[in-house]
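So for the sequence shown, the UniProt record's numbering puts the first residue at 1; every next one is plus one. Backbone N, C-alpha and C fix where the C-beta goes; we use that ideal spot for every residue, glycine too. Here the structure is laid out as structure tokens; the discussion comes afterwards.
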Amino acid sequence: MTSEILYVDDEADIREIAEMAIGLDPSLIVRTCGSGQEGFEQARQSPPDLMLLDVMMPGLDGPGVLSLLQEDPVTASVPVVFITARTQEQEIAHLKQLGARGVIAKPFDPMTLAEQVRSFLDG
Numbered sequence: 001m002t003s004e005i006l007y008v009d010d011e012a013d014i015r016e017i018a019e020m021a022i023g024l025d026p027s028l029i030v031r032t033c034g035s036g037q038e039g040f041e042q043a044r045q046s047p048p049d050l051m052l053l054d055v056m057m058p059g060l061d062g063p064g065v066l067s068l069l070q071e072d073p074v075t076a077s078v079p080v081v082f083i084t085a086r087t088q089e090q091e092i093a094h095l096k097q098l099g100a101r102g103v104i105a106k107p108f109d110p111m112t113l114a115e116q117v118r119s120f121l122d123g
């Protein structure tokens, strides 16, 4: 069985690395987009099994996208994992309080990213 992952990050090079890294797992299908608004729209059109969101993006940031997802009946059940360089304990706790399933530290390790993603799918 395959799982669809939607990765949202405003940095094209990070999106490309993440797409390749997650794509190493044949059971994971990756879609990417470069803005929070585009990510929300893609999630509404075709809800993913898991959404990976950069926290800091221009315009609609990661927490803003999560809020929109939670308010929309089509996307309310989509699990979200934030990807951020801000990984102090209180920041992680805050993101989880917002409703995130978890947090992956940025820069992430491309060799273990697919495994991390799979662990959030299972939990």
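Cα-Cα separation, M56 to Q42: 19 Å
At least 3 beta-carbon pairs within less than 8 Å: the segment 4–19 vs the segment 93–104: no
Chain D contact for H94 (CB, 9 Å cutoff): In the structure shown, chain D does not exist; there is a single protein chain.
The segment 72–84 contacting the segment 24–32, beta-carbon criterion three pairs below 8 Å: no
Whole alpha helix (DSSP H) elements within the segment 73–108, 4-residue minimum: 89–98
CA-to-CA distance, R118 to P110, given in whole angstroms: 14 Å
Per-residue burial, G39 [other beta carbons within 10 Å of its own, 16 or more giving buried]: buried
Pairwise C-alpha distance: D49 and G102: 14 Å
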